[in-house]
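Residue numbers (my numbering), protein chains in the order written: chain A, 219 to 408; chain B, 219 to 408.
Report on the structure given below.
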DNA sequence: CGATTTTTTGAATCATATCAACGTACGTGG
DNA sequence: CCACGTACGTTGATATGATTCAAAAAATCG
């Protein structure tokens, strides 16, 4: 049984004891080493990963051969390449552990079987997607309506602890500017 | 019966004749005049709108009192403020028709009832959210990895017809730059 | 047709990138 | 456990893409 995940699901839908057991039977617990990849560009994404412990990033390599971070994956959140999953096509991105991590994999083929047995999960995942969509839309709003400096300060205010956890250049990449610029922002008195 | 929507649903899940009828019974057809709003900031979003005909935009007013377009809604696509719907909170944005339009409203309270009667719809909406999420994530990739000019040319190549349908300054807003800059891009020889 | 909305153009300015060099920290093998 | 190499962070000078403000020109609408 995986209490972290079951607790998370419990916030959105109600599962019986038996359903909880069925859910856990369809998952695979994976220990991931720092810097290890769960997904590499070119592969079809195996399924959805629930982060029990640790911190992951999803990124792609752009035309200038720079890494561009699309998203971070933290405790009690899902991470996957939904595009690759939905269309069963090779991914364009990478998912990598930034710290030693523990994740639960819900393999895509198990997902389909599981959703038939526990239909509430369809609802749970619909809500997860809705939340992810809203968050991403909001991020676009920030990108367009705030300067890089504002966005940086906003992020630091919201997630000061998280910023400590990752190298600065990764945060710069996520926020959409260069590490040099970020260094200047930090140097600047507020 | 609303064939456009039923066709669309049919691409993702299978509904019986009777289920199709039930779905349509929970919808409200609305004729929307040009410039009319389906949602105003401060209101709780009424539900999901399926665009049968016409073109809508979802936008917010930023700190500098400029309109920032978050998304367009075209034929055979859904538009709504998911944040407002999910959390039943007042919206921060507007949804407005750019042309005389015809939309189907699935009111939020009907949605819940309907999903119980036709569980495949939960799956259908899960997929809609997943598609929307992927599209928005991809948009962030474009914003970070392409210059404004590249993004403009990319958009024009993908959706030349759509670009004709809306004022330039709205496309500029969607792409994240000023109308003046867009005018200069157009003036420039390719 | 006049009124409003949308697009264009010019000049000045600003935010951020780029390139390059140097400083620091950190983890890995000897 | 130290030393070395690599990864990460800082700083300065210069370049550039995009914004701003202002005004005129063009298109659209009732």
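Cβ coordinates follow ideal geometry from the N, Cα and C atoms, glycine included.
Bear in mind that the values here come from a model prediction, so they are computed numbers and not experimental data.
Query, Result
"Under 8 angstroms from the C-beta of residue 288 of chain B: neighbouring residues of chain A", "355, 358, 359"
"Cutoff 7 angstroms; reference residue 277 of chain A; Cβ partners in own chain excluding five residues on either side", "285, 286, 287, 288, 311, 312"
"Min CB distance residue 301 of chain A to chain B below 8 angstroms", "yes"
"Residue 312 of chain A beta carbon near the ligand FAD (any heavy atom closer than 7 angstroms)", "Only the bare structure without any ligand can be found here, which leaves the ligand FAD out of the picture."
"Terminal residues of the beta strand (DSSP E) in which residue 313 of chain B lies", "312-315"
"8 angstroms Cβ cutoff, residue 344 of chain A in contact with chain B", "yes"
"Any C-beta of chain B under 8 angstroms from that of residue 328 of chain A", "no"
"Touch test, the region 337-345 of chain B against the region 229-236 of chain B, Cβ-Cβ under 8 angstroms, three pairs minimum", "yes"
"Contacts of residue 292 of chain B in chain A (Cβ-Cβ under 9 angstroms)", "Chain A residues near residue 292 of chain B: none, gap ~17 angstroms exceeds 9 angstroms."
"Sequence-distant residues of its chain with Cβ nearer than 7 angstroms to residue 253 of chain B (five each side left out)", "314, 315"
"Local Cβ density within 10 Å of residue 349 of chain B, reported as buried at 16 or more and exposed below that", "buried"
"Neighbourhood of residue 309 of chain B by C-beta distance below 8 angstroms, restricted to the same chain and skipping five residues each side", "257, 258, 259, 260, 261, 262, 263, 299, 301, 302"
"Presumed contact (8 angstroms Cβ cut-off) between residue 337 of chain A and residue 397 of chain B, rounded CB distance", "Not really, about 48 angstroms apart at Cβ, beyond 8 angstroms."
"Residues that DSSP places opposite residue 271 of chain A in a beta bridge", "A:320"
"Uninterrupted alpha helix (DSSP H) stretches inside the region 353-392 of chain B (no shorter than 4 residues)", "366-376, 378-383"
"Alpha carbon of residue 280 of chain A to alpha carbon of residue 238 of chain B, nearest angstrom", "44 angstroms"
"Start and end residues, beta strand (DSSP E) containing residue 256 of chain A", "255-257"
"Simplified DSSP assignment, three categories, for residue 399 of chain A", "helix"
"Other residues of its chain near residue 401 of chain A: CB distance less than 8 angstroms, five sequence neighbours each side excluded", "386"
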